[in-house]
Amino acid sequence: MTQSHTMRVIEISKPGGPEVLVPAERAVPVPGAGEIVIRVAYAGVNRPDALQRAGSYAPPPGASDLPGLEASGVVVALGAGVTRWRIGDEVCALLPGGGYAEYVATPAAHALPVPEGLGLRAAACLPETFFTVWTNVFDRGRLQAGERFLIHGGTSGIGTTAIQLAAARGARVFATAGSDDKCQACLDLGAERAINYRTEDFVDAMRAEGGANLILDMVGGDYLPRNVKALADDGRLVQIAFLSGPSVELNFAQVMVRRLTITGSTLRPRSVAAKAAIAQALEAEVWPLLATGRVAPVIDSEFPLDEAAAAHARLETSAHVGKIVLKVSG
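Residue 1056 is where the sequence shown starts when you use the numbering used here, and the numbers rise one by one after that.
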C-alpha cells in the first residue's frame, strides 16, 4: 500500500485557534470490515473542523481525533466484505474524521465515484456539503419545484451548494449574504434575489414575496424568531448550525396558528446506514447534474496540508466564497 507505515497528519495539539493545528506523524490506518482506505489527494475544510479544533465539537465514539470530514483520492486498501470498490479507484468520501492526513479509513458505503468531468480537487468539495444539503433541504425540508427557498450564508460551502441544487430542481431561490459582491455571487449561482443582511431586512424581503416555504439556516440566535416571521403559512425551517448560538426566546403561537415546522439535523453522529442512504440518493439525483456541469462546487482557495492553520484562519474571516481545500498529495 505504501513504502512507509507512517503518514503525515495534522493534529489538534490543544483546543484553541488555528495555530493549534500542527503537523505530526501517525500510523497509516488499516481498514476494518466494510471500510476502505483512501490515499488522500485533497481534503475539504469545513466549519465543524473549526468547532472541533476549538474544543466544542467532539468526534463521535470510535472516530479519528484528527479533523477532516471529507476527502478525495485513490482507494489503496479494502476491508472485508467490500465489493463495490477496487484498488486504484478514484473516489470522494464522507469521513467520520481523519481527513487531514495522507491516508484515511472510511465506510465503503460513504464513498462515491468522482463525477464525470470533475477532478479530485473539485471532488473533495462535494461530500460534506452535498450530503448536508441533500438530507436537510430535500429529505427533511421537502423542497419542491416552484417553492420559495431562503438560504442564509449564501456564499458558504453549504450556501453555494444549496443555491445551485435548489435552482436546478426548479425552486425559486433567495439568499442572504454580507456584501454586495457576495450577493452578486449568489445571483451568479442561480439565486433569484440576494439580500445584503447589513443593509436590508430579510424578513421584509421575504414577506413581500409571500413568505418562504423553506428556510435553511446555520446562524440561529436572533435569526430564529425572524425566520419564523419570514416563513409563509405551512412553511418549514431547517436548522443545521448555530453560528450565533442555540438559545433564544421564541413565541410558539405563530408556529401553531400558521402550521409551521421547525426541524434540524447534524450529519456526523448519524448511523453508517443513514449516511449510506444519502450517498445513494446523491449518486442517483445529483451526480448527473455534476457530470453535465449544471451544478459545480465553488472553490475559494487551496492550501498545502502543512498550512492547515492558514486554511482555518481563512475560514474564520468569513471572507471566503465557496469551499477551502487542503492539497495533500498528487
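Each residue gets a CB set at the ideal place from its N, CA and C atoms; glycine is no exception.
Taking all protein chains shown into account, residue 1306 has fewer than 16 neighbouring C-beta atoms within 10 Å of its C-beta and is therefore exposed. Under DSSP, residue 1168 takes part in a beta bridge, and its partners are 1146. In the DSSP assignment, residue 1351 falls outside any beta strand (DSSP E), carrying neither H nor E. DSSP lists 1094 as the bridge partner or partners of residue 1158. Residue pairing by DSSP puts residue 1079 in a beta bridge opposite 1064.
Distance from the Cα of residue 1292 is smallest, within the candidate group 1301, 1299 and 1282, for 1282.
Residue 1272 is bridged by DSSP to 1294. Two segments are said to touch when three or more pairs of C-beta atoms, one from each, lie closer than 8 Å; by this definition the stretch 1116-1127 touches the stretch 1144-1151.
In this structure, DSSP gives residue 1288 an extended state, which the three-state scheme calls strand. In the three-state reduction of the DSSP assignment, residue 1319 falls in the strand class.
Distance from the Cα of residue 1206 is smallest, within the candidate group 1193, 1197 and 1229, for 1229. Under the 8 Å Cβ criterion, the stretch 1338-1355 does not count as touching the stretch 1156-1165, having fewer than three qualifying pairs.
Distance from the CA atom of residue 1333 to the CA atom of residue 1325, rounded to whole angstroms, is 11 Å. Closest in alpha carbon position to residue 1183, among 1295, 1316 and 1062, is 1295. With distances taken between CA atoms, residue 1347 lies nearest to 1171 out of 1171, 1219, 1313 and 1111. By the neighbour-count criterion, in which 16 or more other beta carbons inside 10 Å mark a residue as buried, residue 1141 falls on the exposed side. At a Cβ-Cβ threshold of 8 Å, residue 1109 and residue 1071 count as neighbours. A residue is called buried once 16 or more other Cβ atoms fall within 10 Å of its Cβ, and residue 1312, having fewer, is exposed. DSSP places residue 1214 in the helix class (H, G or I) of the three-state scheme. Excluding its 5 nearest sequence neighbours in each direction, residue 1364 has C-beta neighbours in its own chain below 6 Å: 1073, 1074 and 1076, listed in chain order. Taking the Cβ atoms as the reference, residue 1180 lies roughly 6 Å from residue 1380, within the contact range of under 8 Å. Residues of the same chain with a CB within less than 7 Å of the CB of residue 1285, apart from the 5 flanking positions on each side, are 1205, 1257, 1258, 1261, 1262, 1266, 1267 and 1270 in chain order. The three-state reading of DSSP puts residue 1231 in strand, counting E and B together. Within the DSSP secondary-structure output, residue 1327 pairs in no beta bridge. Residue 1380 carries a strand assignment under DSSP once its states are collapsed to helix, strand and coil. Scanning its chain for C-beta atoms nearer than 7 Å, with the 5 sequence neighbours on each side dropped, one finds around residue 1173 the residues 1345, in chain order.
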